[in-house]
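*Asks:* According to this note's numbering, the sequence shown is numbered sequentially starting from 786.
The C-beta atom is built at its ideal place from N, Cα and C for all residues, glycine as well.
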Amino acid sequence: TEIHSQAVKGIARATFSPTNAYILFETTTNGLLSLSVFDVEKKTWNPIVNALSSGAWDKTQDRIAYIRKGASPMLVITDIVSKKTTDIVPFFFQDAVLAWKVNKTIYVTGKPSSLVTQSAWSIDIDKKIVSKIIPDTAGLHVIWKEDGSQALFSSRKGRGHDLFLASLSSGK
786 TEIHSQAVKG
796 IARATFSPTN
806 AYILFETTTN
816 GLLSLSVFDV
826 EKKTWNPIVN
836 ALSSGAWDKT
846 QDRIAYIRKG
856 ASPMLVITDI
866 VSKKTTDIVP
876 FFFQDAVLAW
886 KVNKTIYVTG
896 KPSSLVTQSA
906 WSIDIDKKIV
916 SKIIPDTAGL
926 HVIWKEDGSQ
936 ALFSSRKGRG
946 HDLFLASLSS
956 GK
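What follows is the structure in structure tokens.
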């Protein structure tokens with residue numbers, strides 16, 4: 786089924802909202818990230834302006850978290866239906882990947898790279914507390930358990946990778 790006749794170039798990722806009413810598209814053009822939301826019923830596009838990171842859907846509502854560009858980059862949440870954006874905490878993280886696995890917690894990591902040391906952070910969106918949960922690690926790649934209670938991650942060591950399983954108290 787064709788959802789739209791317009792060509793969309795450079796799709797890096799597409800994810801459905803929890804109600805399946807919207808699709809978040811992450812595209813890259815000349816190395817620059819863009820986020821857009823496609824309304825499945827209306828067949829309309831709504832760009833998310835000034836996104837600095839990937840986006841992550843709330844697990845229960847049609848809300849997206851992302852890091853907004855600006856003089857002071859900010860983790861924000863945009864309600865797709867009301868179009869209201871709420872500032873959460875100032876947070877700068879180049880090439881950030883967000884995961885919203887728990888209602889009140891957003892996890893942030895960098896895009897996996899064997900050349901760059903990365904860490905992982907949890908952000909309590911109600912208390913506005915940012916905590917480092919995985920220390921600086923070469924070649925960090927994280928897979929989050931769906932309920933947010935654990936993270937499987939790897940780090941580069943020599944020519945291979947070591948695997949670790951971390952329990953996350955914020956996921957309970």
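1) Among residues of its own chain, excluding the 5 on either side of N831, which ones have a beta-carbon nearer than 6 Å to its beta-carbon?
2) E890 and S904: beta carbons closer than 8 Å?
3) Identify which residue in D843, V825, L837 and D947 has its Cα closest to the Cα of V887.
4) Under 8 Å by Cβ, that's how I've got I910 and I873 pegged, so tell me the actual separation to the nearest angstrom.
5) Mapping the DSSP letters down to three states, classify D880 as helix, strand or coil.
6) Name, in chain order, the residues that DSSP records as bridge partners for P875.
7) Quick one: Cα of S839 to Cα of A951, how far?
8) Beta-carbon within less than 6 Å of I928's beta-carbon, same chain only, minus the 5 sequence neighbours each way: which residues are those?
9) List the residues that DSSP assigns as beta-bridge partners of D824.
10) Return helix, strand or coil for I865, following the three-state DSSP convention.
11) Under 8 Å by Cβ, that's how I've got T871 and I862 pegged, so tell me the actual separation to the nearest angstrom.
*Replies:* In brief:
1) V822
2) In the sequence on display, residue 890 carries Thr and not Glu. No, these two residues do not count as a Cβ contact at 8 Å.
3) D843
4) Sure, about 5 Å apart at Cβ, within 8 Å.
5) coil
6) Note: P875 sits in a beta bridge opposite M859.
7) 23 Å
8) L937
9) Y807 and T829
10) coil
11) 5 Å
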